[in-house]
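Residue numbers (this note's numbering): 8 to 82. Note that beta-carbon positions come from the ideal geometry of N, C-alpha and C, so glycine has one too. Being a predicted model, the structure only gives us computed values, none of them experimental. Below you'll find the structure, written out as structure tokens, and then a few comments.
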């Protein structure tokens, strides 16, 4: 792919493959970028809050088919 133009389809495919769904206060977003835009905060802020162990952000979780919704209680 060096020096070769990437198609919009390829770029969209890579973005989709690299996106992680998140649930924030019960609302599921397709990616950190989508959540960031909807909430009006930086992506780094969303990422930090998803990793925080504070009770304040316990409803900020990554969505994973294999992970129970209350995974922080099991960690």
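Check your understanding: Would residue 55 be called buried (16 or more neighbouring beta carbons within 10 Å of its own) or exposed?
Key -> As a working mapping, residue 55 is identified with position 48 in the chain shown. So residue 55 counts as exposed.
Exercise for review: Counting only runs of 3+ residues fully inside the stretch 26-53, write out the beta strand (DSSP E) ranges in chain order.
Suggested key: 29-31 and 34-36
**Study point:** Limits of the beta strand (DSSP E) - the one that residue 69 falls within
**Key:** Taking the first residue of the chain shown as position 1, residue 69 is located at position 62. Residue 69: member of the beta strand (DSSP E) spanning 67-69, first to last residue.
Check your understanding: Can you tell me the Cα-Cα spacing of residue 13 and residue 62, whole angstroms?
Key -> Within the chain shown, residue 13 is the residue found at index 6, counting from 1. Within the chain shown, residue 62 is the residue found at index 55, counting from 1. Going from the Cα of residue 13 to the Cα of residue 62 covers about 43 angstroms.
Practice item. Please state whether DSSP places residue 15 in a helix, a strand or coil. Key: Position 8 of the chain shown holds residue 15. Three-state result, residue 15: helix.
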